[in-house]
Structure formats: structure tokens, C-alpha cells
Amino acid sequence: MDISVKLSKEFNIKLSQVLETIKLIDAGNTIPFIARYRKEATGGMSDEILRELFDRLMYLRSLESRKEEVIRLIAEQGKLTEELRREISEAEILQRVEDLYRPFKPKRRTRATIAEEKGLKPLAEMILNQETISETIEELARPYVNPELGVNSVKDALDGARDIIAEIISDNAEYRERIRNLYFKKGIIESKAVAPDERSAYEMYYDFREPVDKIANHRILAINRGEREKKLKVGILSPDEEIIVYLKKQVILDERAATARLLEDAIEDAYKRLIAPSIEREVRNVLTERAQKEAVKVFAKNTNV
1 MDISVKLSKE FNIKLSQVLE TIKLIDAGNT IPFIARYRKE ATGGMSDEIL RELFDRLMYL
61 RSLESRKEEV IRLIAEQGKL TEELRREISE AEILQRVEDL YRPFKPKRRT RATIAEEKGL
121 KPLAEMILNQ ETISETIEEL ARPYVNPELG VNSVKDALDG ARDIIAEIIS DNAEYRERIR
181 NLYFKKGIIE SKAVAPDERS AYEMYYDFRE PVDKIANHRI LAINRGEREK KLKVGILSPD
241 EEIIVYLKKQ VILDERAATA RLLEDAIEDA YKRLIAPSIE REVRNVLTER AQKEAVKVFA
301 KNTNV
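Printed below as a string of C-alpha cells:
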């Protein structure tokens, strides 16, 4: 990605002006200095536009750096395909890069990795791929019973396979992106009082709900402070049923197949135990970062820094 060209298009500014502005920034000049004393180089860009351009420049540089790092880390594992390299290179946001890297990121020991250590990954892959089988799912799992590895029964084998499938579903970049978008579009920020009878500066948030896509930045910061001070419990009410239906449509090819019930259980587990807590954190982090940036902009504008 040519960052200068991208900035020129995004801000509708001449490429020469973008290049000169970047040169001034890299030389250590402050935004107020550039806005006041280097108008000929920037084409007279305002302080506000220069700050936005600076923020975007830093973000795009961070994005490109992370892409290079992720490509290197996956290549070192011997798992980098040309398609994956292309997807990472074309990613427009950091979150997309992280979603694509997630299946390859070194993990602490999880229920899925423990199940893999017990030799259950081939069973999980057979179930997830929904290969045509003439036997019951229990018969499919029986060869994987191995007391020496801690798989003492068919149930143990199926439970382990379900844990592996749940993690595979959770690590899917497309699923996570769709679910994250649903949280932003249909999620509702909810705050409740830790002690409803206690007087505090956060009483207006003791029983508060507002859509994620409509909540004001100052409310996000206030709710976060209340949570830090242990006055509020905060969460996101998400469209869980819609998300589960979406995942089932993506994962289950035949609802009548012998594998369908276990896949349904794996989907429920993947969403409730792995995806939902992670996506909620990500969405709240985005809201907080956005609110903090806006607060800094307002402060800078008011103090004319």
C-alpha cells in the first residue's frame, strides 16, 4: 500500500502536499507549527485537518507494520498460502489482520489444545467436514477411545472433538467480522448499579440502556469510569439468537445428518464461551478509543494547542 497516495485520495488533497506534510511530521514538527508556519507546503490545511491526517498516517503505518509482522509469523510456521498473504495484504483495518492471524496465533493450553493432544483432531475434522458416514456418530468416535491418553469413553472422545470444533468456529475470520458488525448495528450498551441504594455520581446509569451505534462518546467515558470505580456493571446486550442462526447456516450442511446435533452444541459453545466475550471486549475497546480520541480533539480545539 502506498500510504501517501491513499491519504491523497481519502482527504482529496494533492499528493505533493501530502508528501510535504509527511516530511514535516517526520522531521518532528508539531501540528500547530505546521498549520501556522508551513501553509505553503500543506496547501493551507487547517489545524483540524492536519490532526486527522496525522492520526490516519499513524494508523496506516501501524497497519502496514502489523501486516508485515503477521505475514512473517505465519510464514515461520510454514502455513502461509498465497491466498492468505493476499487477504492480509488487502486488509483495510487492523482488526481484519488480527482476525486472519487468530487461527495461527500461539495459544495457551485450552480445552481444544488438550483435546488435540489426546489425538482427537482427526475426529473433529471428520465431524466438521460432515463427511458421509454409514455409522452413528458414536461408532465414528469409538476408535478414538484411548485410556492412556485420557479418552476413557466415546463421550470423552465426542466432548473433545466438540471442543476442537468450537475453537475452529471461534477462530474463523469471516464469522467474527459478521458477528462484530451485528454487535455494532444491533447491540445495546447496558449498565446496572453494583449497589442500587448507594448514592453516587453515576446514578443516571444505574439502569441504563442505549444502542451501541447511537451512544454518545461522553456517556461511554462516564460508564467506563463508573465501572472502574466499581459503581456500575457494564455489558452489551447482543442479538444472540440471530448470531446462532447465522452460525448454524454457515457450519451445518445437513440438519438431518448424524453430526448435526454435535455441531449445534459446538456452535452454541463457541459463541457463548469463546466468541461473545471476546467480541464484547473488542467492541467496547473500539467505543472507548473513539470516545477518548474525540475528547482529546475537543480539548485541543478549546485550548488551541
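In the UniProt record's numbering, the protein residues as written are 1 to 305.
Cβ atoms here follow ideal geometry from the backbone N, Cα and C, with glycine treated the same way.
Since the structure is predicted, the reported quantities are computational estimates derived from the model, not experimental observations.
Within the DSSP bridge table, the entry for Ser191 names Phe208 and Val234 as partners.
Only residues of its own chain outside the window of five on either side were considered, and among them Ser191, Lys192, Ala193, Pro196 and Leu232 have a CB closer than 8 Å to the CB of Tyr206, listed in chain order.
The beta carbons of Arg108 and Asp163 sit about 14 Å from each other, so the pair does not count as a contact at 8 Å.
Counting along the chain, the unbroken alpha helix (DSSP H) around Glu10 starts and ends at Ile3 to Phe11. In the pairwise beta carbon analysis, the stretch 143 to 163 is classified as not touching the stretch 227 to 242: fewer than three pairs are separated by under 8 Å.
Assigned with DSSP and collapsed to three states, Val151 falls in strand. In the DSSP assignment, the residues bridged to Asn146 are Val151. In this structure the stretch 170 to 190 does not touch the stretch 119 to 130; the number of beta carbon pairs closer than 8 Å is below three. Sixteen is the threshold: when 16 or more other Cβ atoms of the shown chains lie within 10 Å of the Cβ of Val151, as they do, the residue is buried.
Spatial neighbours of Glu116 in its own chain (CB-CB distance under 7 Å, excluding positions within 5 residues in sequence) are listed in chain order as Ile164. A straight line joining the alpha-carbon of Gly119 with that of Leu149 spans about 8 Å. In this structure, Asp269 sits away from Ala260, with a CB-CB distance that is not shorter than 8 Å. In chain order, Asn217 place their CB closer than 7 Å to the CB of Glu294, counting only its own chain and leaving out the 5 sequence neighbours on each side. The stretch 90 to 103 and the stretch 34 to 44 do not touch, with fewer than 3 CB-CB distances between them shorter than 8 Å.
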